[in-house]
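**Q**
Number of protein chains: 4
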Amino acid sequence: MTITHDVRATISALRAEVCGLHSELTRYQLVVWTAGNVSARVPGHDLMVIKPSGVSYDDLTPESMVLCDLDGEVVEGDLAPSSDTAAQAYVYRHMPDVGGVVHTHSTYATAWASRAEPIPCVLTMMADEFGGPVPVGPFALIGDDSIGRGIVETLQGSRSPAVLMQNHGVFSIGTNARSAVKAAVMCEDVARTVHIARQLGDPVPIPDHQVTSLFDRYQNVYGQ
Amino acid sequence: MTITHDVRATISALRAEVCGLHSELTRYQLVVWTAGNVSARVPGHDLMVIKPSGVSYDDLTPESMVLCDLDGEVVEGDLAPSSDTAAQAYVYRHMPDVGGVVHTHSTYATAWASRAEPIPCVLTMMADEFGGPVPVGPFALIGDDSIGRGIVETLQGSRSPAVLMQNHGVFSIGTNARSAVKAAVMCEDVARTVHIARQLGDPVPIPDHQVTSLFDRYQNVYGQ
Amino acid sequence: MTITHDVRATISALRAEVCGLHSELTRYQLVVWTAGNVSARVPGHDLMVIKPSGVSYDDLTPESMVLCDLDGEVVEGDLAPSSDTAAQAYVYRHMPDVGGVVHTHSTYATAWASRAEPIPCVLTMMADEFGGPVPVGPFALIGDDSIGRGIVETLQGSRSPAVLMQNHGVFSIGTNARSAVKAAVMCEDVARTVHIARQLGDPVPIPDHQVTSLFDRYQNVYGQ
Amino acid sequence: MTITHDVRATISALRAEVCGLHSELTRYQLVVWTAGNVSARVPGHDLMVIKPSGVSYDDLTPESMVLCDLDGEVVEGDLAPSSDTAAQAYVYRHMPDVGGVVHTHSTYATAWASRAEPIPCVLTMMADEFGGPVPVGPFALIGDDSIGRGIVETLQGSRSPAVLMQNHGVFSIGTNARSAVKAAVMCEDVARTVHIARQLGDPVPIPDHQVTSLFDRYQNVYGQ
Numbered sequence: 001m002t003i004t005h006d007v008r009a010t011i012s013a014l015r016a017e018v019c020g021l022h023s024e025l026t027r028y029q030l031v032v033w034t035a036g037n038v039s040a041r042v043p044g045h046d047l048m049v050i051k052p053s054g055v056s057y058d059d060l061t062p063e064s065m066v067l068c069d070l071d072g073e074v075v076e077g078d079l080a081p082s083s084d085t086a087a088q089a090y091v092y093r094h095m096p097d098v099g100g101v102v103h104t105h106s107t108y109a110t111a112w113a114s115r116a117e118p119i120p121c122v123l124t125m126m127a128d129e130f131g132g133p134v135p136v137g138p139f140a141l142i143g144d145d146s147i148g149r150g151i152v153e154t155l156q157g158s159r160s161p162a163v164l165m166q167n168h169g170v171f172s173i174g175t176n177a178r179s180a181v182k183a184a185v186m187c188e189d190v191a192r193t194v195h196i197a198r199q200l201g202d203p204v205p206i207p208d209h210q211v212t213s214l215f216d217r218y219q220n221v222y223g224q
Numbered sequence: 001m002t003i004t005h006d007v008r009a010t011i012s013a014l015r016a017e018v019c020g021l022h023s024e025l026t027r028y029q030l031v032v033w034t035a036g037n038v039s040a041r042v043p044g045h046d047l048m049v050i051k052p053s054g055v056s057y058d059d060l061t062p063e064s065m066v067l068c069d070l071d072g073e074v075v076e077g078d079l080a081p082s083s084d085t086a087a088q089a090y091v092y093r094h095m096p097d098v099g100g101v102v103h104t105h106s107t108y109a110t111a112w113a114s115r116a117e118p119i120p121c122v123l124t125m126m127a128d129e130f131g132g133p134v135p136v137g138p139f140a141l142i143g144d145d146s147i148g149r150g151i152v153e154t155l156q157g158s159r160s161p162a163v164l165m166q167n168h169g170v171f172s173i174g175t176n177a178r179s180a181v182k183a184a185v186m187c188e189d190v191a192r193t194v195h196i197a198r199q200l201g202d203p204v205p206i207p208d209h210q211v212t213s214l215f216d217r218y219q220n221v222y223g224q
Numbered sequence: 001m002t003i004t005h006d007v008r009a010t011i012s013a014l015r016a017e018v019c020g021l022h023s024e025l026t027r028y029q030l031v032v033w034t035a036g037n038v039s040a041r042v043p044g045h046d047l048m049v050i051k052p053s054g055v056s057y058d059d060l061t062p063e064s065m066v067l068c069d070l071d072g073e074v075v076e077g078d079l080a081p082s083s084d085t086a087a088q089a090y091v092y093r094h095m096p097d098v099g100g101v102v103h104t105h106s107t108y109a110t111a112w113a114s115r116a117e118p119i120p121c122v123l124t125m126m127a128d129e130f131g132g133p134v135p136v137g138p139f140a141l142i143g144d145d146s147i148g149r150g151i152v153e154t155l156q157g158s159r160s161p162a163v164l165m166q167n168h169g170v171f172s173i174g175t176n177a178r179s180a181v182k183a184a185v186m187c188e189d190v191a192r193t194v195h196i197a198r199q200l201g202d203p204v205p206i207p208d209h210q211v212t213s214l215f216d217r218y219q220n221v222y223g224q
Numbered sequence: 001m002t003i004t005h006d007v008r009a010t011i012s013a014l015r016a017e018v019c020g021l022h023s024e025l026t027r028y029q030l031v032v033w034t035a036g037n038v039s040a041r042v043p044g045h046d047l048m049v050i051k052p053s054g055v056s057y058d059d060l061t062p063e064s065m066v067l068c069d070l071d072g073e074v075v076e077g078d079l080a081p082s083s084d085t086a087a088q089a090y091v092y093r094h095m096p097d098v099g100g101v102v103h104t105h106s107t108y109a110t111a112w113a114s115r116a117e118p119i120p121c122v123l124t125m126m127a128d129e130f131g132g133p134v135p136v137g138p139f140a141l142i143g144d145d146s147i148g149r150g151i152v153e154t155l156q157g158s159r160s161p162a163v164l165m166q167n168h169g170v171f172s173i174g175t176n177a178r179s180a181v182k183a184a185v186m187c188e189d190v191a192r193t194v195h196i197a198r199q200l201g202d203p204v205p206i207p208d209h210q211v212t213s214l215f216d217r218y219q220n221v222y223g224q
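Protein chains in written order, with the UniProt record's numbering: chain A, 1 to 224; chain B, 1 to 224; chain C, 1 to 224; chain D, 1 to 224.
(1) With distances taken from CA atoms, which of B/Q224, B/V152, B/C68 is nearest B/D78?
(2) Taking 7 Å as the CB-CB limit, is D/S158 close to chain C?
(3) On the three-pair Cβ rule with 8 Å, is the segment 157 to 172 of chain C touching the segment 82 to 95 of chain D?
(4) What separation, rounded to the nearest whole angstrom, lies between the Cα atoms of A/A113 and C/L141?
(5) Contact criterion: CB-CB distance below 7 Å. Does C/L79 meet it with respect to chain B?
(6) Classify D/A109 as buried or exposed, calling it buried when 16 or more other Cβ atoms lie within 10 Å of its own Cβ.
(7) Chain D partners of C/Y28, CB-CB under 8 Å?
(8) Just to confirm the assignment: which complete alpha helix (DSSP H) runs, minimum length 4, are found wholly within the segment 78 to 143 of chain C?
(9) Can you tell me which of D/A180, D/R217, D/M186 puts its alpha carbon nearest to the alpha carbon of D/L21?
(10) Among B/G44, B/I196, B/A183, whose alpha-carbon lies nearest the alpha-carbon of residue 292 of chain B?
(11) Tell me, which residues are paired with B/L155 by DSSP?
(12) Is there a Cβ of chain B sitting closer than 7 Å to that of A/Y222, yes or no?
(13) For A/G169, does the three-state DSSP call read helix, strand or coil?
(14) Looking at C-alpha atoms only, which residue of D/T193, D/P52, D/E63, D/G150 is the closest neighbour of D/E73?
(15) Please report the Cβ distance between C/V136 and C/E117, rounded to the nearest whole angstrom; I am assuming they are in contact, meaning their Cβ atoms lie under 8 Å.
(16) Scan the segment 107 to 118 of chain B for residues whose Cβ lies nearer than 9 Å to a Cβ of chain A and list them as they occur along the chain.
(17) What are the residues that DSSP puts in a beta bridge with A/E76?
(18) What are the start and end residues of the beta strand (DSSP E) that includes B/V49?
(19) Taking Cβ to Cβ, would you say D/P203 is nearer than 7 Å to A/R217?
(20) Using a beta-carbon distance cut-off of less than 8 Å, what residues from the segment 192 to 217 of chain A approach chain B?
(21) How far does the alpha helix (DSSP H) with B/G54 in it extend, from its first residue to its last?
(22) On the DSSP letters alone, give me the boundaries of the alpha helix (DSSP H) that C/N220 sits inside.
(23) For the segment 208 to 216 of chain C against the segment 44 to 60 of chain C, are there 3 or more C-beta pairs whose distance is under 8 Å?
(24) From the DSSP output, in three-state form, read off B/V7 for me.
(25) Can you tell me whether C/V101 is buried or exposed, with buried defined as 16 or more other CB within 10 angstroms of its CB?
(26) List the endpoints of the continuous beta strand (DSSP E) containing D/V38.
(27) Need the endpoints of the alpha helix (DSSP H) that C/V190 sits in, please.
(28) With a threshold of 7 Å between beta-carbons, can A/S53 be considered close to chain D, or not?
(29) Classify C/L30 as helix, strand or coil using the three-state DSSP reduction.
(30) Got a sec: which bits of the segment 33 to 46 of chain D sit with their beta carbon under 9 Å from any beta carbon on chain C, in order along the chain?
(31) Count the other CB atoms, across all protein chains shown, that sit within 10 Å of the CB of C/E129; report buried if there are 16 or more and exposed otherwise.
(32) Should A/T124 be flagged as near chain B, meaning a C-beta pair shorter than 7 Å?
(33) Give a yes or no on whether the minimum CB-CB distance between C/S83 and chain E is below 7 Å.
(34) Please tell me whether B/V185 has its Cβ less than 7 Å away from any Cβ of chain C.
(35) Listing by chain order, which chain C residues have their CB less than 8 Å from the CB of D/G143?
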C-alpha cells in the first residue's frame, strides 16, 4: 500500500489524537491496567489507527499507535495491535459513517452486560445521547468475526452509539474517535445512575415520544 | 444595553469566579464530559454569566463564559451559552435573592430524581444545609419555561437550596455562585449517604423540631 | 494564660501537623467542602489546636489553625474555631490519654450511623484496629455537652477508637492526631467493606477470642 | 549469607521495582493507609524483597525495602518487614515458579472473602486472567504458617493467580512482582463488577469450555 504525503499528515495527527484520548478512559476510570482501547479510521482510506496490545496507558506515545488496514493487518508499527483490532476493523468495514471505535470493560456497563440486560432509558441525558435503551449484543468469542458482527448487527437496529456485549463489555462508536470516547463515558455514567436508581425501586419511565423529542433536539442543537 | 465601566469590572470578576467554580464540579465528580454548569447573576442588573454549551471543563476560560440577559439572550460572547440558560434565567427573574445557579446530573441525586423520590432528612448535616428533605420537581422538557417554572415552584415551597428534577438531575441555588455550588456538592453527598443507608435498612428519623433547630443554628452560626 | 517559649515551639509544630493531616481526609474522600476536622491536644497543657470553622481545605495554613483551651474558648487565632470544638474539648477533658480527635461525615460510616447500627467485626483488619464492632453513640444536638458526653461514654465501653454518632457521623480518637486520623480512615474503610459484604449475604462471624487475639497482636507488634 | 556483586545489582533493581509498584496499589485504591504490600523473589536465591511494616506509601524508598530470607528473617534492612512476610515467604518456598506476591484488603474482593464466597467467572475478562472463579482460602490467624499454607493449598487447586482469604483479604501471585500486582488489580475489578451485576439479578453463566478457550488464548496471545 502506498501512503502519500498528505495521508501521512492525517495519520500523524490521528496517532496523536488516539493516543491522547486514552487519558479520558483513565480520567473517568473506565479501564484498569491495559484493558480498553481507542481507534480511529483514516478518513477516505481503508486504514485505522489503534492502541498497541497490553501497553500501559502511562507508556502510550503517538508513535506507538499501530496503523492497520481494515482487515486488521498491521501496515505500520513495531508493536502488535490491540487484540480487539479485528472486531473494530469489522465495524469500520460495515459502518461507513463510523470514524472512531472505543472498547472498555467499564464497571457498571459491564455489570448490565453480564446479565444481558439493556439499560432502560429513564434519564433525559440518556434520551439526549442514546435516544433509547443501550442494547445488548450476543455472547461472542474472540478469534473470528463474531464480535464485530455482533456489534454491527446490534447497533444497526438502534439509535444508541454504544452496545453492551454479553458477559464482555462496551463497544462505542462515533463519527470520530472523540465522539466514540464521549459515548463510552456517557454509557458508563448512565449505566451507573440507572443501576443505583433501580437498587431502591423503579425509575419513572419516559414516554417514547418524549425520548425521541429529546434525542432530536440534542443531536441538532447542543454544543457549538 | 449599555454596560458602564463599573459593571464591566463586576462582570470580569464574575467570569473568573464562574469559570473557576467548575473545578469544584469535577473535583467532586458531579459531572462527566460537559454535562453540568454554573451561572451567576450580575448584581443589580438583568444580566447573568454562564458556561458555554458543550465545552470541556479543561478548556474553560473566563473569556469563554457567556454574558446573557435574563431572557437568556446572549449579550456578549463568541460561543453559544449552556442549553440550560433559559431555565436558569427564569430562576433569576422569579427569585430575586438568588445570585447563583448550578445544574448537574450527579449520580446519586439523579438516581433519586429518576424515581421521583425526595431524599428524606435523616442526617444532621442534611438538616443543617437543607432544613428538611430535598424535594422533587416535575418532569419537564427543555425548550420553553417548564423547567424554570418547575424549579422555582418547587424551591419556593421548601427550605432546600436544591431540587431534584424528575428523570433529569439537580438544580441548586444560592445567594451567590459559590453557595449554589456548595449546595450541589452537599446534595450529592447526602443523596449518596442516604441511599447507602437505605440499602441495608431504615434510617432513624430526625423529629421535625430538631431538624428546624439544626437548620436555624447552621444558617446563623456556622463559618466565619 | 501565659504561654512559655517551650510551649510555643510545641504549638507551632502542632499547628503544622494538624493543618497537614487534613490532606489525609481529602485524599481518602472522608470529607466534602468543609465538613470535617482534626484537632490535637497540646501535651501537658489544657490547650488544643483545631481547624477554623467553614474554611476550605485548600485554604488551610498552620497559622489559621485555632488555639483553644479545653473549655473550647479561643486562646489565639483570628478565626472562629470549628463548630465541633466544644465536643472535642469535652473529649480531651475526660479522656486524658487522648492526644488527637477527628470528626468526619464519611459516607459509609455515616450510613451505619443513620441506622444506629454498629459495624460488626467480620474482618481481620477490623479486629486489628478496632478490637470488635464500631459502636454507636446517642443522637445529640450541638450546643451543649451532649455530643462530647455521648462520644466519651460510648468509647469508654469499647476498644474501638471510633464511634458512630447516630444520624450524624464519626468521631475518632488516638494518642495523637495522626493515629486519630488513621482510625477515621480505617473506620470508613471497614464501614464500606462490611456494607458491601452484607449487600449479597451474611459475612462469616469471627469468634470473640480470635478478635481479641488479633487485636492484642496488632497493638503490640505491627509497625516499626 | 554471602551476597555476591552480581546479586547486589539484582537486589538493587528489585528494591526499586517493588517500591515503585506500590504506586499501582494506591492508583487503583486497593489499599488505605499502610494496609497492603508487594514482594519479589530474588531469582535463583533464597531471598525476597518486601515492604517495611507500617510505613506510608508516600514515604517508601528503594532503600527502605527489606531483604529477607525465605524463612522471613531479615537479611538486610533497618526496618521491620511487613507482618505478612512469613506468609509470603511460605509461598516462595512452596511455589518455585512464583516470582512476586501481593497482599491487599481491596474493598470488593474482601467483601466476597468475608462471606467466604468465590467470585463466579461470568466475565470474559475474568476468564482471560483467572481461568475460572477466584477461590476462597481458609480463615487463618497470623503468627504461624497457617496463612501461607492456606494460600498455597488454595492456589495449587486453581488456575487463578489470586485467592480470597476468608474474613481477611486478597493474596495474588505472578511470575514476577508486576504480574502479581496486575492480578491484584484485576481481582478487585472483577470482584466489583460481578458484585454490582449480582445486585440486580443473576449474571449469565459462561460455559466451562469457553472459559478454558478464553484463558488459553489470553495466556498465549495477548500483549507484546
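Each residue gets a CB set at the ideal place from its N, CA and C atoms; glycine is no exception.
**A** The short version:
(1) As a first step, residue 78 of chain B is located in the second sequence; it is residue number 78 there, counting from the start. Cα-wise, what sits closest to B/D78 is B/C68.
(2) Along the fourth sequence, one-based indexing puts residue 158 of chain D at 158. By this cut-off, D/S158 is not an interface position.
(3) The segment 157 to 172 of chain C, when compared against the segment 82 to 95 of chain D, does not touch it at the 8 Å Cβ threshold.
(4) What you label residue 113 of chain A is simply residue 113 of the first sequence in a count that begins at 1. What you label residue 141 of chain C is simply residue 141 of the third sequence in a count that begins at 1. Approximately 47 Å between the Cα atoms of the pair.
(5) Residue mapping note: residue 79 of chain C aligns to position 79 of the third sequence, counting from 1. It does: the Cβ of C/L79 has a partner Cβ on chain B nearer than 7 Å.
(6) Position 109 of the fourth sequence, counting from 1, holds the residue named residue 109 of chain D. The residue is buried, with at least 16 neighbouring Cβ atoms inside 10 Å.
(7) The count along the third sequence starts at 1 and reaches residue 28 of chain C at position 28. Ordered by position in chain D, the residues that pass the 8 Å Cβ test against C/Y28 are V32.
(8) 85 to 94, 107 to 114, 124 to 130
(9) In the fourth sequence, residue 21 of chain D corresponds to position 21, counting from 1. Closest by alpha carbon: D/A180.
(10) It is not possible to answer for residue 292 of chain B, since the shown part of chain B is limited to 1 through 224.
(11) To locate residue 155 of chain B, count along the second sequence from 1; it is residue 155. The partner list for B/L155 (beta bridge, DSSP) is empty, contrary to what the question assumes.
(12) Against the first sequence, residue 222 of chain A aligns to sequence position 222. Judged by the 7 Å Cβ criterion, A/Y222 is in contact with chain B.
(13) Counting from 1 along the first sequence, the entry for residue 169 of chain A is found at position 169. DSSP places A/G169 in strand when its eight states are reduced to three.
(14) Numbered from its first residue, the fourth sequence carries residue 73 of chain D at position 73. Looking at the Cα atoms, D/P52 is the closest of the given residues.
(15) Counted from its first residue, the third sequence places residue 136 of chain C at position 136. Counted from its first residue, the third sequence places residue 117 of chain C at position 117. Between C/V136 and C/E117 a beta carbon distance of about 7 Å is seen, short of the 8 Å cut, so the two are scored as contacting.
(16) T107, Y108, T110, A111, W112, A113, S114, R115, A116, E117
(17) Position 76 of the first sequence, counted from the start, is the residue given in the question as residue 76 of chain A. According to DSSP, which records beta bridges pairwise, A/E76 is partnered with A/L67.
(18) Taking the first residue of the second sequence as position 1, residue 49 of chain B is located at position 49. Residues 47 to 50.
(19) Residue numbering aside, residue 203 of chain D sits at position 203 when the fourth sequence is read from its first letter. Residue numbering aside, residue 217 of chain A sits at position 217 when the first sequence is read from its first letter. Going by C-beta atoms, D/P203 is not nearer than 7 Å to A/R217.
(20) R192, T193, V194, I196, A197, Q199, L200, G201, D202, P203, V204, I206, Q210, S213, L214, R217
(21) Reading the second sequence from its first residue, position 54 is the one you call residue 54 of chain B. No alpha helix (DSSP H) contains B/G54, which DSSP labels as neither H nor E.
(22) For the purposes of this step, residue 220 of chain C is taken as the residue at position 220 of the third sequence. Residues 208 to 221.
(23) Taking one beta carbon from each stretch, the segment 208 to 216 of chain C and the segment 44 to 60 of chain C have fewer than 3 pairs nearer than 8 Å; the two do not touch.
(24) Stepping through the second sequence from its first residue, residue 7 of chain B is reached at position 7. In the structure shown, B/V7 sits in a helix (DSSP, three-state: H, G or I).
(25) Numbered from 1 along the third sequence, position 101 holds the residue referred to as residue 101 of chain C. Buried is the call here.
(26) Taking the first residue of the fourth sequence as position 1, residue 38 of chain D is located at position 38. Residues 36 to 42.
(27) Stepping through the third sequence from its first residue, residue 190 of chain C is reached at position 190. Note, C/V190: alpha helix (DSSP H), 177 to 199.
(28) To locate residue 53 of chain A, count along the first sequence from 1; it is residue 53. It does; some Cβ of chain D falls within 7 Å.
(29) Taking the third sequence and counting its residues from 1, the one referred to as residue 30 of chain C is at position 30. If DSSP states are grouped into helix, strand and coil, C/L30 belongs with coil.
(30) Residues passing the 9 Å Cβ filter: W33, T34, A35.
(31) By 1-based counting over the third sequence, the position of residue 129 of chain C is 129. The residue in question, C/E129, is buried, as its Cβ has 16 or more Cβ neighbours within 10 Å.
(32) Here residue 124 of chain A refers to the residue found at position 124 of the first sequence. Yes, its Cβ sits closer than 7 Å to a Cβ of chain B.
(33) Protein chains in the displayed structure are A, B, C and D, and chain E is not among them.
(34) As a position in the second sequence, residue 185 of chain B is number 185, starting the count at 1. Answer yes: the Cβ-Cβ gap between B/V185 and chain C drops below 7 Å somewhere.
(35) Here residue 143 of chain D corresponds to residue number 143 of the fourth sequence, with the count starting at 1. Simply R217.
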